[in-house]
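Here's the structure we're looking at; comments come further down.
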Amino acid sequence: MTTAAQPTRQYAVGSLVHARGREWVVLPDSTPDLLVLRPLGGADDDIAGVLPGLETVVPATFAPPTPSDLGDQQAAGLLRTALRIGFRSGAGPFRSLASIAVDPRPYQLVPLLMALRQDTVRLLIADDVGIGKTVEAGLIAAELLAQGDARGLVVLCSPALAEQWRAELYGKFGVDARLVLPSTIGRLERETPYGQSVFRPDGAYVVSTDFIKSPRHREDFLRHCPDLVIVDEAHSCVSDTTVGASARSSQQRYALLRALADRTDRHLLLVTATPHSGKEEPFRRLIGLLDDRLAAVPFDTDAGRRLLAEFFVQRRRADIREDFQDGAHFPSSRDTAETAYTLHRDYKKLLDEVLSYARETVRAADGALQQRQRWWSTLALLRTLSSSPAAAVQSLNTRAGVEEADTPAEADRTGERTVSDPADSETPESADAVPGTRLPTATGAPAAGTEADDQEKARLVAMAESAKKLYGPTRDAKLKKLIATVSDLLDEGYRPIVFCRYIATADYVADHLKKILNKKGTEHPVAVASVTGELSPDQRVTRIAELTGTDEEGNPAPERRVLVATDCLSEGVNLQESFDAVLHYDLAWNPTRHEQREGRVDRFGQRTDVVKALTLYGADNPVDGIVLNVLLRKHERIRRVTGISVPVPQESESAMQAVFEGLILRGERSPYEQEGLFAQEEVAEQLEIAWQSSADREKRHRSRYAQLTIKKDEVAAEVDEVRAALGTGEEVRDFTRRALGALRGMPAATKQGGFTAHTDALPQGLRDTIAHALGPRHPRPVVFHDAPSAPRGEAALTRTDPVVAAVARFVLDAALDDAGKVPEWQRPARRCGVVRTTAVERNTTLLLVRHRFQLNLPARDGSVREQLAEDARVVAYRGRPDAPEWLPEDEAVALLEARATQNTDPRFAAEHIAEILAALPAIMPELRDQSAELGRTLEASHRRVRTASRARLAGLKVVPQGDPDILGVYHYRPAPTFPQGVGA
838 MTTAAQPTRQ YAVGSLVHAR GREWVVLPDS TPDLLVLRPL GGADDDIAGV
888 LPGLETVVPA TFAPPTPSDL GDQQAAGLLR TALRIGFRSG AGPFRSLASI
938 AVDPRPYQLV PLLMALRQDT VRLLIADDVG IGKTVEAGLI AAELLAQGDA
988 RGLVVLCSPA LAEQWRAELY GKFGVDARLV LPSTIGRLER ETPYGQSVFR
1038 PDGAYVVSTD FIKSPRHRED FLRHCPDLVI VDEAHSCVSD TTVGASARSS
1088 QQRYALLRAL ADRTDRHLLL VTATPHSGKE EPFRRLIGLL DDRLAAVPFD
1138 TDAGRRLLAE FFVQRRRADI REDFQDGAHF PSSRDTAETA YTLHRDYKKL
1188 LDEVLSYARE TVRAADGALQ QRQRWWSTLA LLRTLSSSPA AAVQSLNTRA
1238 GVEEADTPAE ADRTGERTVS DPADSETPES ADAVPGTRLP TATGAPAAGT
1288 EADDQEKARL VAMAESAKKL YGPTRDAKLK KLIATVSDLL DEGYRPIVFC
1338 RYIATADYVA DHLKKILNKK GTEHPVAVAS VTGELSPDQR VTRIAELTGT
1388 DEEGNPAPER RVLVATDCLS EGVNLQESFD AVLHYDLAWN PTRHEQREGR
1438 VDRFGQRTDV VKALTLYGAD NPVDGIVLNV LLRKHERIRR VTGISVPVPQ
1488 ESESAMQAVF EGLILRGERS PYEQEGLFAQ EEVAEQLEIA WQSSADREKR
1538 HRSRYAQLTI KKDEVAAEVD EVRAALGTGE EVRDFTRRAL GALRGMPAAT
1588 KQGGFTAHTD ALPQGLRDTI AHALGPRHPR PVVFHDAPSA PRGEAALTRT
1638 DPVVAAVARF VLDAALDDAG KVPEWQRPAR RCGVVRTTAV ERNTTLLLVR
1688 HRFQLNLPAR DGSVREQLAE DARVVAYRGR PDAPEWLPED EAVALLEARA
1738 TQNTDPRFAA EHIAEILAAL PAIMPELRDQ SAELGRTLEA SHRRVRTASR
1788 ARLAGLKVVP QGDPDILGVY HYRPAPTFPQ GVGA
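Okay, so the sequence shown: first residue is 838 according to the working numbering, each after it adds one.
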């Protein structure tokens, strides 16, 4: 590097200065009195503040290469790609793309463009399960933070998903958020100076919604909350729950969100795959958080739908599947099937006895309250017995939750919440406990505890004893069918998740699967684990990691594995990297729950092309027949016919009630093998009509969504342009393999298209960085996947993967360091080279050039923000520097693939490079012109994106800063060709 003689106190964004013995780039937010600087070639972690009044700061220029820094034919390509991968302040219109560790699909940028249209971002992102709502919300957050439109970020979520959100923000978006949970608040408060809040407006946090909604913490949070809030599973904050603790919890969540939304300059992103439970009031409360007008505007009018469309984005799988035709990991289809079994005669006998007991008990009730209590307690017994004998035994020994109800209406609300699966209920995270059956014989009557009460207890005890005798696959035909089905899936190469409704059932199923699938003499043992609501969120993560991760000795996870889980894992948890099939052991009484379960594996990042979803049901179990025919099959048929998946209408609860009443009170058996024929057929038909009407209405309304006015092809074109400037996927793959090969990583191809590399012989600094990125117990050798995502402990061949970025940073730093400081073998990229090749017919010189720009970007508040951007280009000319013949860009890039056909004497090469370096001032005017032209091109790209998103244009400008830096000089000389054949 060289420094100018005269210092100055005025420095533009992007200019170079020399201070503290090194060169720096001036960043935005610098003032004459305080310079915010980043080391040239350094990362954001190295940013420092320098006071020119106290320290010597002088302008600097980037030093050209030295003639002795000669490399081979690969040197130019390696250095160029390492530079482009290292960019974290790209010049394109999407400012955050250069600094995030995710390669978004075009459809995932649509919510971002919708957000850029708004002065204050208010969006409800309601895409289908598994197609990337977290990424879409993260992209918006990253862009708002990168552009300076948001200072800080907070994510409100379930405590079970907090660690996952924190990992996603850090791993994919570079946001290091602090966890605020009951288990962390004590430490955070101790680390915070006395009298100050744990929260700062410019901080980043992942917060448990249920923890922060409490009066003790709520007000402090509201006073210091950052200006960008993401609410995950937002539907749980407006649940139509009006009884007991759940009502208070839901009301507190909504009150918290309402207070956050009332600050009109706060950005608010609501994220949920189930925005509408079928009930209008909760949906209105949810969208009313975004704009008060949405709480009352009629949606059956064009004006109402247009208003909603400004704040609402929702895509189904069919809408985006075409975006995954390029080989990205997203299942091409979901293979669904029903698997029937017939109850064992002893199981059938107990089920009939329970039905008789239910009928007698409900009919003999004394008054409306006791009738509703008995109704729900017997329905709980029927459902648990349909689940498993273990769940039935526990239910028979547990007091019914409806016992505490004071009115019939309260009993119904409690029963719906604990026995049914209402769409607007609390999160299923803690809803897998077995509902109780036991009730006093005559609640409140003086005779309670008499002979009638004793007979009632004796009958329940007898049924519990009968249920215990059904344990195991001999008499439990459902368990027997499951074992056979799971065995078939494992033999086909699938790794299934078995979803159960209750904790008792999940433990019962897991215990039997472990014993039978691993009985003595088994050739291929199977790993089985159970995850239920009894485990804390951290314990669930640990249990899954034990099943799917490497062991303490670094051995890989067993390929034959089964996860048994309750619905505590049906929302928010990503399991697609380790599992690819779902088996519904218990039927959910809400089709949405089935979609959520299947969405754990049928989602972006799934490597299996066709995932499977199997539903187990009893062919002669009337409870299963009702659920299948009233709800699940109708939902699937409507989805297939209309292409729209809509929530169960509110009428579903009354329809289910009517059909179960026919079964329990009048002994009417539904002919479940003939779909649609019920004792209460009229009610069921009304439900189907309402359901079909909702689907048709939704299909009509979707044509008015604002997301459809954004052309994905136009978005994709801008994204491709940004990606090209940052390094294509093929470049990244080739660079990583070549660089690791040069650094003694010994890459070896894998059958899946990627490769493996050994880290033991890599340079110490790079080896430590990779270990930090993957974890100390990562698999060895390291697996590099030719895919946009990778399992835990492995790497994806994308420019933003932390391992790939570490390799690029090492190669770039080693090349820019003075020769002699780093061993020769650790410098695979060099800044100079002379290549004799048949790829050119005249002497041709290629230059690797870095341009820096100051971006003036109009902000939402009317101001203009200054930001730094960088771009790298290769340019080439034929002939001498004083009379260059410039090549088109595509011909210049093609030279990177030129191969040497003859050796070049090092002394000869150094002399020629020295002559070219001496003549560089003669071509600098042309490089300045190219920098100006590139600036105009970038400004036009910014204008196109801002026009598409209806963002402000006044003040937009892209200004080159200083002379371009010449990082590399590579000279290509024609190699003589020799005639071949007999006459040569």
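Yeah, the Cβ is synthetic: ideal placement off N, Cα and C, and Gly gets one too.
Between Asp1446 and Ser1169, the CB-CB gap stays under 7 angstroms. Taking a 10 Å sphere around the C-beta of Val1365, we find 16 or more other C-beta atoms and assign the residue as buried. Annotation for Phe1647: Leu1603 place their beta carbon closer than 6 angstroms to its own, counting only its chain and skipping 5 residues before and after.
Excluding five sequence positions before and after Leu853, the CB atoms of its chain that fall closer than 8 angstroms to its own CB belong to Glu860, Trp861, Val862, Val863, Leu877, Pro896, Ala897, Thr898, Phe899 and Gly1799, given in chain order. The count of Cβ pairs closer than 8 angstroms, one atom from the region 1436–1456 and one from the region 1413–1426, reaches three, so the stretches are in contact. By the Cβ criterion, the region 1668–1676 is in contact with the region 1730–1745, since at least three pairs of Cβ atoms, one from each stretch, lie closer than 8 angstroms.
Under the DSSP assignment, Phe1058 falls in the alpha helix (DSSP H) whose first and last residues are Pro1052 to His1061.
A residue is called buried once 16 or more other Cβ atoms fall within 10 Å of its Cβ, and Gly1612, having fewer, is exposed. Nearest neighbour of Ala1610 by Cα position, chosen from Thr1637, Pro1584, Thr1587 and Phe1592, turns out to be Thr1637. Sixteen is the threshold: when 16 or more other Cβ atoms of the shown chains lie within 10 Å of the Cβ of Trp1426, as they do, the residue is buried. Between the C-alpha atoms of Phe924 and Ala1132 there is a straight-line separation of about 44 angstroms. By the 16-neighbour rule on beta-carbons within 10 angstroms, Met1300 is buried. Considering only Leu1424, Leu1420 and Leu1771, the residue with the shortest C-alpha distance to Arg1437 is Leu1420. Relative to Arg1211, the option among Arg1275, Glu1661 and Pro1226 whose CA is nearest is Arg1275. Exclusion of the five residues before and after Ala1071 leaves Leu1107, Val1108, Thr1109 and Leu1123 as the residues of its chain whose Cβ lies within less than 7 angstroms of its Cβ. Its chain contains Val1035 as the residues whose beta carbon lies nearer than 8 angstroms to that of Thr1029, once the 5 sequence neighbours on both sides are disregarded; these appear in chain order. Sequence-distant partners of Ile1067 (beyond 5 residues in either direction) whose C-beta falls short of 6 angstroms from its own C-beta, in its chain, are Ala974, Val992 and Leu1106. Inclusion of Thr1322 and Ser1225 in the CB contact set at 7 angstroms is not warranted, their separation being larger than that value. Minimum Cα-Cα distance from Asp1269 among the listed residues Tyr1339, Gly1204 and Leu1216 corresponds to Tyr1339.
In the DSSP assignment, Asp1802 falls within the unbroken beta strand (DSSP E) covering Asp1802 to Pro1811. Rounded to whole angstroms, the gap between the alpha carbons of Ala1146 and Leu1126 is 15 angstroms. Considered as a whole, the region 1645–1709 harbours 1669–1674 and 1681–1695 as its complete beta strand (DSSP E) runs of no fewer than 3 residues, in chain order. Boundaries of the alpha helix (DSSP H) harbouring Thr1215: Ala1205 to Ser1224, taken from the DSSP string. In the structure shown, Ala1402 falls within a strand segment according to DSSP collapsed to helix, strand and coil.
From the listed residues Lys1794, Thr1682 and Leu1771, the smallest Cα separation to Ala913 is found for Thr1682. Straight through space, the alpha carbons of Glu1678 and Gly858 are spaced by roughly 44 angstroms. The Cβ-Cβ distance between Thr1385 and Ala1394 falls below 7 angstroms. Cβ neighbours of Val1399 within its own chain (closer than 7 angstroms, five residues either side excluded): Val1323, Pro1333, Val1335, Leu1350, Val1363 and Val1365.
For Pro1797, the secondary structure class from DSSP, reduced to helix, strand or coil, is strand.
At a Cβ-Cβ threshold of 7 angstroms, Ala963 and Gln1151 count as neighbours. The beta carbons of Pro1718 and Ile1760 sit closer together than 7 angstroms. In its chain, beyond the 5 residues on either side, Gln1210, Trp1213, Ala1248, Thr1251 and Gly1252 have a beta carbon closer than 6 angstroms to the beta carbon of Val1239. Straight across, the Cα-Cα distance linking Val1134 with Glu1435 is about 34 angstroms. Per DSSP, the unbroken alpha helix (DSSP H) holding Pro1428 starts and ends at Pro1428 to Glu1435. With a cut-off of 8 angstroms on Cβ pairs, the region 992–1003 is in contact with the region 1014–1032, counting three or more such pairs. Exclusion of the five residues before and after Glu1190 leaves Met1300 as the residues of its chain whose Cβ lies within less than 7 angstroms of its Cβ.
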